[in-house]
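Data first, discussion second: the structure below is written as structure tokens.
Protein chains in written order, with this note's numbering: chain U, 124 to 565; chain Z, 124 to 565.
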């Protein structure tokens with residue numbers, strides 16, 4: 124019987140390049156023979172593919188004598204950490220950031236700046252961002268790294284063209300095509316910050332065995348501290364480390380909740396990010412939690428964001444949001460300020476974070492009942508405030524999750540507010556691993 | 124370069140049998156040449172596969188002279204409507220039903236019985252159901268049809284083993300393995316009723332051009348009457364027919380909401396039913412809509428089911444649920460009774476249905492914001508009560524959906540309360556189309 128559909132030689136070559144590159148990415152240093160065994164190709168076939176990946180600067184040979192390598196050490200292949208790299212950028216309400224990660228997932232450069240972006244014309248914001256991208260690119264060139272693309276994380280609804288911001292209420296942008304405003308040097312696209320945060324959460328880069336001192340720099344190390352939810356009051360429990368012990372990687376079905384000024388979420392089902400029919404999935408901030416409650420800018424009432432968004436938390440803490448932003452520019456600074464007050468026993472801040480956690484718990488419980496994920500990961504600002512937010516989330520989940528065994532896990536991201544920026548850069552690396560032919564041809 | 128993984132001859136044969144059978148199922152009567160073109164096989168290869176499908180009784184040759192057939196009419200192949208068939212069964216709180224559909228999706232037999240199943244031992248319920256399955260099987264044998272399997276729809280959480288009812292609160296069952304209690308003649312499995320309703324909604328069987336008189340009997344005709352939501356007050360609009368005009372088939376991303384005694388939902392994303400990590404996805408009835416509201420049997424408070432489930436609607440209509448069930452046994456009878464009262468202008472019933480619609484709208488809006496589906500289909504009892512429920516649902520969606528264009532479509536299922544039963548039977552037909560080798564070998 125004949126094959127169902129003809130494959131061109133070109134498509135097969137692309138596919139084999141990607142299979143071989145991803146085998147090395149997933150398995151650490153590997154000999155050609157090990158790559159051949161993992162992807163089911165002949166050794167002769169792998170040799171040709173590997174040669175092409177070496178020529179393109181995507182792989183390197185580690186050379187003989189490397190300790191801990193199995194088999195003939197001279198033939199061990201690794202991802203090149205001086206080859207193509209991914210650029211990620213983040214446009215926040217009051218900050219901008221750009222970072223670069225190499226093929227192994229390691230951060231190689233990072234700049235950040237406070238910036239009052241709310242209600243500022245997109246052209247002005249993007250001009251400044253382009254300057255920061257230039258700074259990072261300059262730094263990379265000194266290390267022999269070449270940007271393979273740029274992804275910009277934006278807190279808003281992004282159209283399927285990966286270029287148009289349909290609506291970013293906290294920036295005051297609506298229907299803006301950022302495409303013409305992005306740096307033109309390498310392929311650039313725009314993504315939703317919560318989705319990119321989830322990507323960072325999901326991706327645990329397996330590079331050449333990093334030693335302990337190296338861990339702090341690695342982009343997507345599994346979150347160490349986790350909580351298990353649902354069976355009663357807050358209690359510590361094994362988090363992703365334990366989940367990873369039972370399965371070969373991080374969760375394949377999870378909800379990643381991320382808060383900065385607004386609240387977004389990303390759904391990963393069967394290992395795939397679900398963007399929705401129009402690319403607008405994950406608007407957890409607009410799930411009604413007090414249906415007759417406070418009016419929201421979206422036109423609804425009682426949306427989660429009105430109870431657990433930054434402005435709501437600042438107000439409930441007795442702080443003026445405008446003054447708090449002026450005194451503590453950058454989202455990290457305000458999280459640190461709130462965390463410090465809560466740690467000092469400030470009753471209003473603690474009550475505000477409890478209320479935010481309760482509202483989050485209601486929205487998350489409803490979502491868990493509809494989606495049945497393995498886990499819910501709290502990221503962004505929520506990670507930094509976890510000690511005061513998580514108990515209230517757990518209480519609501521324990522009460523409201525319909526699965527009688529309450530098997531869903533609640534975990535706190537180790538990446539915190541860095542997730543979307545890292546995810547943006549990692550998304551470029553993922554694109555290189557998926558289609559290395561584009562780099563190999565260039 | 125070599126193929127990435129070896130395929131056994133057996134797996135290839137299975138795959139080709141399924142490809143050819145599904146090509147005929149999707150394309151109506153087709154010549155061998157047309158099948159070959161659609162699935163990218165040689166004519167010789169297709170001839171061998173088709174012979175096997177003819178021998179197994181899965182395909183038939185229509186013979187010469189059939190009007191409307193393109194090409195040599197003598198060689199046109201169609202699904203055999205006198206071959207294997209699928210059995211579906213439904214266990215409701217107060218009824219049982221069994222039906223059979225042939226390979227073309229046409230209903231060939233159906234029996235239903237009132238039955239007080241709530242809090243009754245599963246063994247007793249299944250004994251009665253087995254009797255009904257026997258009746259239907261007897262009827263089919265007379266027509267030359269052979270059951271290829273049985274799927275039983277249950278209103279509850281079903282474990283991944285497709286055999287154990289984890290929890291069916293409205294039946295009073297918890298942790299019951301129905302496997303040993305099911306009829307043993309053919310492969311049998313248990314499924315969630317909302318998921319099976321969504322399957323029926325999704326599957327539009329393409330058979331030999333049915334004439335108008337035939338439509339009422341076809342299992343999954345697209346819903347004619349639809350509503351479009353979100354831009355203001357209730358107004359009629361194009362439903363699935365219009366959606367199908369713009370795209371080749373029914374929606375690939377939708378939420379199917381189904382109400383009987385409880386309220387369930389099914390998620391279809393990229394054409395695939397999403398069961399969740401533990402098989403418990405779709406518990407829309409336990410989304411909080413009045414977080415501090417009425418206590419629910421699930422342990423939560425203010426769950427949707429407490430405002431839009433049958434018992435809540437009966438009470439709000441000034442009716443005693445127990446007496447209403449005794450006087451109008453079977454869910455269809457109570458829907459008809461409520462619909463008749465609403466049509467007669469009964470203000471309490473109308474207000475009760477408006478309240479149910481408002482609560483549904485809050486839960487659906489939150490879910491739409493998280494999932495971003497193309498459409499929401501109201502099925503089960505909601506279809507029969509649509510004129511009084513839909514306007515309130517639309518009002519809430521118009522107010523609360525975060526997508527500024529409010530592109531989500533709200534439609535009413537044409538299948539109504541029949542969806543889960545039909546979906547159960549169609550799931551067996553789908554299994555035959557996916558793995559015809561099992562039938563061909565037997």
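All C-beta atoms, glycine included, are put in the ideal place defined by N, C-alpha and C.
Chain U contact residues for residue i, given Cβ-Cβ distances below 8 Å
i, result
"residue 229 of chain Z", "Those within 8 Å of residue 229 of chain Z in chain U number zero; the least Cβ separation is about 29 Å."
"residue 392 of chain Z", "392, 397"
"residue 493 of chain Z", "388, 390, 404, 405, 406, 407, 410, 490, 493, 494"
Residue i to residue j span [Cα, whole Å]
i, j, result
"residue 310 of chain Z", "residue 425 of chain Z", "40 Å"
"residue 212 of chain Z", "residue 498 of chain Z", "27 Å"
"residue 259 of chain Z", "residue 209 of chain Z", "11 Å"
"residue 537 of chain Z", "residue 507 of chain Z", "9 Å"
"residue 284 of chain U", "residue 377 of chain Z", "22 Å"
"residue 319 of chain U", "residue 443 of chain U", "30 Å"
"residue 566 of chain Z", "residue 505 of chain U", "No information on residue 566 of chain Z is available, as it lies outside the stretch 124 to 565 that chain Z covers here."
"residue 476 of chain U", "residue 511 of chain U", "6 Å"
"residue 560 of chain U", "residue 398 of chain Z", "36 Å"
"residue 303 of chain U", "residue 287 of chain U", "10 Å"
"residue 518 of chain U", "residue 481 of chain U", "8 Å"
"residue 555 of chain Z", "residue 434 of chain Z", "39 Å"
"residue 541 of chain Z", "residue 139 of chain Z", "33 Å"
"residue 562 of chain U", "residue 269 of chain U", "10 Å"
"residue 451 of chain U", "residue 457 of chain U", "6 Å"
"residue 176 of chain U", "residue 169 of chain U", "10 Å"
"residue 280 of chain Z", "residue 393 of chain U", "20 Å"
"residue 548 of chain U", "residue 200 of chain U", "23 Å"
"residue 402 of chain Z", "residue 314 of chain Z", "10 Å"
"residue 455 of chain Z", "residue 531 of chain U", "36 Å"
"residue 486 of chain U", "residue 296 of chain U", "26 Å"
"residue 312 of chain Z", "residue 558 of chain Z", "16 Å"
"residue 162 of chain U", "residue 137 of chain Z", "24 Å"
"residue 539 of chain Z", "residue 216 of chain Z", "17 Å"
"residue 178 of chain U", "residue 226 of chain U", "15 Å"
Among the options, nearest to residue i - alpha-carbon criterion
i, options, result
"residue 299 of chain U", "U:248, U:256, U:323, U:316", "U:248"
"residue 483 of chain Z", "Z:467, Z:457, Z:495, Z:513", "Z:513"
"residue 149 of chain Z", "Z:202, Z:217, Z:417", "Z:202"
"residue 239 of chain Z", "Z:486, Z:449, Z:562, Z:491", "Z:449"
"residue 293 of chain Z", "Z:153, Z:432, Z:473", "Z:432"
"residue 516 of chain U", "U:533, U:527, U:469", "U:533"
"residue 427 of chain U", "U:465, U:396, U:490, U:459", "U:490"
"residue 375 of chain Z", "Z:244, Z:383, Z:465, Z:396", "Z:396"
"residue 478 of chain U", "U:462, U:546, U:459, U:429", "U:429"
"residue 545 of chain U", "U:495, U:166, U:229", "U:229"
Within chain Z, partners of residue i - CB distance below 7 Å
i, result
"residue 488 of chain U", "411"
Listed by chain order, chain U residues near residue i by CB distance under 9 Å
i, result
"residue 530 of chain Z", "400, 401, 403"
Cβ shell of residue i (< 6 Å), same chain only, five flanking positions each side left out
i, result
"residue 381 of chain U", "317, 320, 387, 502, 503"
"residue 158 of chain Z", "143, 146, 169"
"residue 207 of chain U", "269, 271, 555, 562"
Amino acids of chain Z, ordered along the chain, whose beta-carbon sits closer than 8 Å to that of residue i
i, result
"residue 376 of chain U", "399, 400"
"residue 522 of chain U", "422, 423, 424"
"residue 181 of chain U", "None at all; the shortest Cβ gap to chain Z is about 18 Å."
Chain Z residues whose Cβ lies nearer than 9 Å to that of residue i
i, result
"residue 290 of chain U", "525, 526, 527"
"residue 153 of chain U", "Under the 9 Å cutoff, chain Z gives no residues; its nearest Cβ is about 16 Å from residue 153 of chain U."
"residue 144 of chain U", "Here the premise fails: no neighbours, minimum Cβ distance about 14 Å."
Residues near residue i in its chain [Cβ-Cβ closer than 7 Å; skip 5 each side]
i, result
"residue 418 of chain Z", "424"
"residue 525 of chain Z", "492"
"residue 325 of chain U", "373, 391"
"residue 522 of chain U", "none"
"residue 255 of chain U", "219, 221, 234, 236"
Within chain U, partners of residue i - CB distance below 7 Å
i, result
"residue 485 of chain Z", "411, 414"
"residue 497 of chain Z", "400"
Cut-off 8 Å between Cβ atoms - residues of its own chain near residue i, not counting five sequence neighbours on either side
i, result
"residue 336 of chain Z", "Note that residue 336 of chain Z scores a pLDDT of 30, beneath 50, so its modelled location is shaky; the value from the coordinates is reported in the next line. There are no such residues."
Identify every run of the beta strand (DSSP E) within the segment 510-565 of chain U, keeping only runs that are complete inside it and at least 3 residues long; order them along the chain. Runs of the beta strand (DSSP E) inside the segment 510-565 of chain U: 532-535.
At 3 residues or longer, and completely inside the segment 172-245 of chain Z: list those beta strand (DSSP E) runs for me, N to C. 182-184, 200-202, 207-214, 218-225, 230-237
Quick check for students: name the residue ranges of the alpha helix (DSSP H) that lie wholly in the segment 381-424 of chain Z, counting only runs of 4 or more. none
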